[in-house]
Structure formats: C-alpha cells, structure tokens
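To start, the structure under review is shown below, and the notes come after it.
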Ligand SMILES: Nc1ncnc2c1ncn2[C@@H]1O[C@H](COP(=O)(O)OP(=O)(O)OP(=O)(O)O)[C@@H](O)[C@H]1O
C-alpha cells in the first residue's frame with residue numbers, strides 16, 4: 510500500500526474575479542503519509558483554505574491530481590462525482606473546522622454516534638461497536654468522563670476535542686483541520702493541536718492542518734508555506 514494517504518500533484522484552483530480569474534492555488538504538489546502531520550501556513554488570502562477545500566472534496570480544482578490512498582483504494586479526488594465525494598467524506602476524510610459545529614442538544618457520545626448513523630441505521634451489533642469506538646475516542650481526547658454531558662455544557666476547548674473525536678469516528682485515512690484552534694485561548698489551542706498531531710500519529714491518520722501560528726506549525730512533522738497560492 511502507498512504510504513502517502515494524500516498526494517497532490519500540480520494542483521491549480523482559480524475563482525471567477527470580475528472579468529478575469531484569481532488563482533487561489535498555484536501549482537501545488539505535496540504529500541502526507543499515514544501517521545504524519547503537515548502544517549500549511551501563509552498570510553491571509555494565500556490560499557490555505559482553498560487548498561484544504563480541494564483535499565476535502567469541497568472544491569474541484571481546475572487541474573492537477575489529488576490522490577487519496579486508503580487501505581482499499583486509490584482515488585483521484587479531483588475527479589470524483591458529488592455522490593462519491595460525500596461517501597468519502599463519511600468514511601475516509603475527517604474534517605475539523607474553526608468552529609466545532611456540534612448539535613447542542615446531543616451528549617458528547619451521541620454526537621459521535623450520530624456520525625455512524627449518517628450511512629443508514631446500523632444493526633444492533635454494529636451499534637455496540639459504534640458505542641465502543643465513540644467511548645474510545647472520547648477517552649483519547651480526554652473526555653471519557655464527559656460522554657453523557659450535553660455538548661452545550663462543554664467549554665470551547667472541550668467542544669473542539671469532541672469535533673476532533675467526531676472527525677475520527679469513520680476511521681478516516683485523512684484528517685483535515687482548518688485553523689481548529691483559532692476560537693480558543695492559546696493554552697487550550699496548544700492542547701487541541703497536540704491532541705490532533707498525537708492522535709494522527711497513534712491512529713495512523715494523515716493530518717493536514719492550516720494555521721497561521723508558527724509555534725503550532727513547528728509541532729507538525731512537516732510544513733509548507735504558501736504565498737499567493739504557491740509553495741515558497
Ligand atoms: N469563493 C471565492 N470566490 C472568489 N475568490 C475567492 C473565494 N474564496 C477565496 N477566494 C480568493 O482566493 C484567494 C485565497 O483565499 P483563501 O481563503 O484560500 O486564503 P487563506 O489563506 O485561507 O486566507 P485566510 O487565512 O484569510 O483564511 C484569496 O485571494 C481569496 O480572495
């Protein structure tokens with residue numbers, strides 16, 4: 510199996526801009542191996558979120574290849590249809606955004622279990638497995654004691670930890686995080702970052718994370734810096 514879970518080759522993404530087009534991602538190539546982390550830094554408007562959106566199948570690039578290598582398959586994310594993209598986001602690609610976007614009325618455990626229900630109602634034995642995995646991941650993110658608390662009652666840092674656990678529920682090959690700590694104070698932000706990087710290592714997941722904090726980027730295994738959409 511290819512060790513790189515994500516391989517981008519010569520990716521270009523442009524957006525319409527008045528009469529012309531603006532180049533948001535300019536010929537970017539990168540790869541991230543399982544269990545490793547890649548930090549993407551760069552000033553505001555340098556294309557970080559656009560690059561992540563391509564890897565997340567939320568945007569189709571103009572050109573280039575975006576290979577996702579999973580234990581079962583190798584697929585070019587730049588060429589999947591919407592339905593397959595949605596399937597991959599449920600099973601192979603976990604995403605953590607700036608805000609945790611949790612369902613307030615659910616408990617932390619239910620929040621994770623709900624992920625497994627997106628693919629259809631699981632059987633009774635599958636439900637037991639889902640609960641075990643949810644509880645395992647809540648332990649991993651240090652919230653084992655809070656499994657039955659409603660997420661509305663959790664702090665910002667705790668909510669972001671639930672979001673990390675939720676993104677890992679489908680046992681993804683690739684975990685993408687877009688400034689996941691920007692809404693947190695620096696102490697809980699650093700804790701969530703260490704958690705993301707550590708969990709990716711332990712669970713064998715490839716992690717690509719966006720940050721404009723150089724200190725956080727230093728914690729990742731590798732780093733690229735974007736300026737005007739290009740790696741410099
Ligand atoms: N939907 C869009 N339509 C048109 N232009 C866009 C769109 N999204 C982003 N852009 C432009 O693409 C470029 C890259 O934007 P992007 O949001 O990817 O940068 P970023 O590095 O993530 O910025 P920030 O750190 O501020 O979030 C910018 O010039 C931006 O104005």
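Residue numbers (the numbering used here): 510 to 741.
Every residue gets a Cβ at the ideal spot worked out from N, C-alpha and C, and that includes glycine.
Exercise. Quick one: what does DSSP say residue 574 is sitting in, helix, strand or coil?
Worked result: strand
Problem set entry | Contact belief for residue 573 with residue 517 at Cβ below 8 Å, rounded distance in angstroms | 7 Å
For this session: List the DSSP bridge partners of residue 525.
Result: 530
For this session: Could you check which residue in 619, 527, 714 has the C-alpha nearest to that of residue 637?
Result: 619
Exercise. CB of residue 740 to nearest heavy atom of ligand 1: below 8 Å?
Worked result: no
For this session: Confirm, please, whether the CB-CB distance from residue 586 to residue 594 is below 9 Å.
Result: yes
For this session: Inspect the beta-carbon positions of residue 540 and residue 706 and report whether they are closer than 9 Å.
Result: no
Exercise. Can you name the residues that DSSP bridges to residue 659?
Worked result: 616
For this session: Pick helix, strand or coil for residue 734, following the three-state DSSP scheme.
Result: strand
For this session: Answer yes or no: the CB of residue 721 versus the heavy atoms of ligand 3, is any distance below 8 Å?
Result: The ligand content of the structure shown is limited to ligand 1, which means ligand 3 is not among them.
Exercise. Nearest to residue 626 by alpha carbon, out of 600, 654, 686?
Worked result: 600
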